[in-house]
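A.B. asks: First to last, the protein sequences are chains A and B. Residue numbers for the first sequence, in this note's numbering: 1247 to 1350. Residue numbers for the second sequence, in this note's numbering: 53 to 603. All C-beta atoms in this analysis are idealised placements derived from N, C-alpha and C, irrespective of residue type, glycine included.
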Amino acid sequence: MSIEINSQKCVGCGKCRDVCPGTLIALGRDGKAFIRYPRDCWGCTSCLKECPVYAISFFLGADIGGMGGRLHTEKEGDILKWMIERPDGSVTVTEVDTRESNKY
Amino acid sequence: MKSERIKTDILIIGGGTAGCYTAVTAAENSDKQILICEKAHIKRSGCLAAGVNALNAYITEGRTPQDYVDYCVKDAHGIAREDLLLTMSQRLNAVTERLDREGLVILKDEQGKYVARGNRNIKINGENIKPLLAGMAQRHPNVRVLNRVNITDIDVTGNRINGAFGIGIDDGTFYIIEASAVLIATGGAAGLYKPNNPGFSRHKMWYCPFNTGAGYAMGIRHGAEMTTFEMRFIALRCKDTIAPTGTLAQGVGAKQINALGEVYEHKYGLTTSERVYGTTAENSAGRGPCFLRTEGISEQQEQSLLKAYLNMAPSQTLKWLESGELPGKSNVEIEGTEPYIVGGHTASGFWVDTDRATTIQGLYAAGDVAGGAPQKYVTGALAEGEIAAQAMLRYLDGNKPAGISEESAVRHLSEAERFLDGSDSPYSAEQLEEAMQTVMDSYAGGIKTNYRFSEKSLGIAEKRIIQLEGLSDSLRAKDPQELMYIYELRERLTVCKTVIAHLRARKETRWAGFAGNTDHPERDDEHWNVFVNSRFENGRTEIILRSVSKG
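1) Hey, is A360/B's beta-carbon within less than 9 Å of any beta-carbon in chain A?
2) Give the straight-line distance between the Cα atoms of E334/B and G340/B, rounded to the nearest whole angstrom.
3) Distance check for N590/B and L541/B, CA to CA, integer angstroms please.
4) With a threshold of 6 Å on Cβ separation, who are the neighbours of L415/B within its own chain once the five nearest residues in sequence on each side are excluded?
5) So, for D571/B: in the same chain, excluding its five sequence neighbours on each side, which residues have a beta-carbon less than 6 Å away from its beta-carbon?
6) Might you give, ordered along the chain, the residues of its own chain that have their beta carbon closer than 6 Å to the beta carbon of R57/B, omitting 5 neighbours on each side?
7) Going by C-alpha distance, which of Y329/B, L484/B, S466/B and A440/B is nearest I499/B?
8) What residues from the segment 1283 to 1302 of chain A come within 7 Å of chain B, judged by C-beta to C-beta, listed N to C?
9) Could you tell me how far apart the beta carbons of A242/B and I94/B are, in whole angstroms, since I believe they sit closer than 8 Å?
10) Could you give the residue range of the beta strand (DSSP E) that holds F471/B?
11) Using the Cα positions of R289/B and G437/B, report the straight-line distance between them to the nearest angstrom.
12) Taking only beta-carbon atoms, is F252/B less than 9 Å away from chain A?
13) The beta strand (DSSP E) that contains W1328/A, what's its start and end?
14) Mind reading off the beta-carbon distance from I604/B to T331/B? Whole number of angstroms is fine, and I expect it under 8 Å.
15) For Q308/B, list the residues DSSP reports as bridge partners.
16) Between which two residues does the beta strand (DSSP E) carrying I174/B extend?
17) The alpha helix (DSSP H) that contains S1303/A, what's its start and end?
18) Assign K246/B to one of three DSSP states: helix, strand, or coil.
19) Assign R446/B to one of two classes, buried (16 or more other C-beta atoms within 10 Å of its C-beta) or exposed (fewer than that).
20) Express the C-alpha separation of Q353/B and I219/B in angstroms, rounding to a whole number.
21) Helix, strand or coil: how does DSSP classify H554/B here?
22) Would you mind giving the Cβ-Cβ distance between C72/B and M188/B, rounded to the nearest angstrom? I have them listed as a contact below 8 Å.
23) Could you run through the segment 104 to 120 of chain B and flag, in chain order, every residue whose CB is less than 8 Å away from some CB of chain A?
24) Between N1252/A and chain B, is any beta-carbon pair separated by less than 9 Å?
25) Would you check if the distance between the CB atom of Q519/B and the CB atom of Y245/B is smaller than 9 Å?
26) Please identify the residue among T238/B, Y361/B and G522/B whose C-alpha is closest to the C-alpha of P296/B.
27) Would you kindly report the start and end of the unbroken beta strand (DSSP E) that includes E589/B?
28) Looking at A567/B and V584/B, is the spacing between their C-beta atoms short of 9 Å?
29) Whose Cβ in chain A lies nearer than 7 Å to the Cβ of T293/B?
30) For the alpha helix (DSSP H) that K359/B lies in, which residues bound it at each end?
31) Between which two residues does the beta strand (DSSP E) holding G388/B run?
32) Quick one: which unbroken beta strand (DSSP E) runs of 3-plus residues sit fully inside the segment 1247 to 1300 of chain A? Chain order, please.
33) So the alpha helix (DSSP H) Y503/B belongs to, where does it begin and stop?
34) Hey, quick one: how far does the alpha helix (DSSP H) through Y73/B stretch, first residue to last?
35) For my contact list, W403/B and G423/B are in at a C-beta cut-off of 8 Å; report their separation, rounded to the angstrom.
36) In chain B, what lies closer than 7 Å to V1265/A by C-beta?
Structure, rendered in structure tokens:
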């Protein structure tokens, strides 16, 4: 389980680098963010939520049952949209209103 | 390496849950200078990085703080400090209401009362709880935050704290920080034992993998009294994703079932350790794998679960959706994790008084690093931070900083420079970490042995850990981040030695799910209804037994 940073989309703002609780993300010579220690990711998704251009996605390693799906987030006002994309291209969007509590 | 000397009134080591709230309380009640040193960034560092979906320590309507104390003592099978638990419990609701006022979303009924989940929990949207706490700390002008500075040791002379040493993980600046009072809030220790998935997903673990037991190790090194390291925490989790199971058990009433479909949880009991024990026992008897029975839950329940997990453990929602095996259609497989040392769940940590003062003068502890008070969770860590802040302010009235000697500063700086001297080593911190985890897994009651160990196996573990400590002297780092990994490894090795000494000292099996002493497989209340404490002195871990009643 780890993250992927799309260098085409990355604008090099460094917010993901700042917020990673494991300080695992660095900025490369090209000014783009990359994950320096992919095996050390906890999967907290802090970087996904911080990225202003949604360049980061999260995936499960094959060792814990990952099947090629990817998760990323986008925020619209109070709505946090979680998008899960499967290898066949189908996408499930789950919208969470950040003003609403969990029910469980 | 360039050096920088800083003076402050209060130094807070670790800007997690307890650390941030201590800073808030101290800043609101004084004009003292407060410095938080955090090895990552306080916005998302520590246990709350992903968020939480419930506050698990709250006194619900009709209950009293004493009820919460009684529950904790029972769950810990008698090994818990009532005085610490009571002072914590009395503040749980006030700190919750404070978070509510600060904007934490808490589920309320039509009368505006919090909706309870069971007897002690309330439901929240806690995805943003850490940014919220960090924001509360940062808005005070007398709170300074040094992000990306890893504290490597405290400075103590004559059993009195003088401050601490740290290293900037970007530029390698060596910090000498003098303080009148110091709070340790570095959390517990993950990564001592081989994790469930030691390969690519080795950090997909229950506890924050970046909490490496730094605070425990610093205290141990300087002779602080520590308690109950033999009471390890093992979480019962969703297999692979290591996501929480409480949300399924309490949220939709899912029962623990074995591969034959039989509900087994009542056979073994419902305390945290008994739930783990039952699962291990069913697996050993050939009736595994075990599951939480979610089949048949309504579509609405299923949708709520998908959202709830996104707010605390998004990998579980990803797993459900990418596999198509949604919880209403397929039961959720469960497993026990590797053991952790974590004072917010069990009672391991610094031996403190009701002010959260450790046995080193001027050094305080709050949250997962503080012992004696299990089941503190988020709100308990906040309560302890508040208590410690108030106590430190009283302490500051009569105590000025003693200062850090040049000799001590030079010694600590030279140690760091030696690791960075550019020479080669056949070993890496990663390699020795894996070796340590294998030793602990095989000989000190890890997953491999169903959490069981013997006097003989502990002897092997101790010998190997001491060898690894010796090898760690030869490690070399290429940059400050790698240097941090060397320090973290050495912290973990120090904690491992203490865990082994405590496991050996308690000659009974008290928490069957969390540890099985094969030489002493039964609980023995006549002799062992006591705290096992320790102090590291003259190169040896001395065991001290303390009465439970005296607390």
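C.D. replies: Taking the structure as given:
1) yes
2) 6 Å
3) 22 Å
4) I213 and V234
5) S506 and E507
6) I228
7) Y329/B
8) R1285, D1286, C1287, W1288, G1289, C1290, T1291 and S1292
9) Not really, about 19 Å apart at Cβ, beyond 8 Å.
10) Looking at the DSSP string, F471/B is not in any beta strand (DSSP E); the run it does join, the alpha helix (DSSP H), is E458 to F471.
11) 28 Å
12) yes
13) I1325 to E1331
14) Residue 604/B is absent from the model: chain B starts at 53 and stops at 603.
15) L344/B
16) N173 to G178
17) Premise fails: S1303/A lies in the beta strand (DSSP E), I1302 to F1305, not in any alpha helix (DSSP H).
18) coil
19) exposed
20) 48 Å
21) helix
22) 7 Å
23) N105 and A106
24) no
25) no
26) Y361/B
27) V582 to E589
28) no
29) I1310
30) E351 to L362
31) V384 to G388
32) 1248 to 1251, 1271 to 1273 and 1279 to 1281
33) No alpha helix (DSSP H) contains Y503/B, which DSSP labels as neither H nor E.
34) T69 to E80
35) 6 Å
36) H93, K95 and R96
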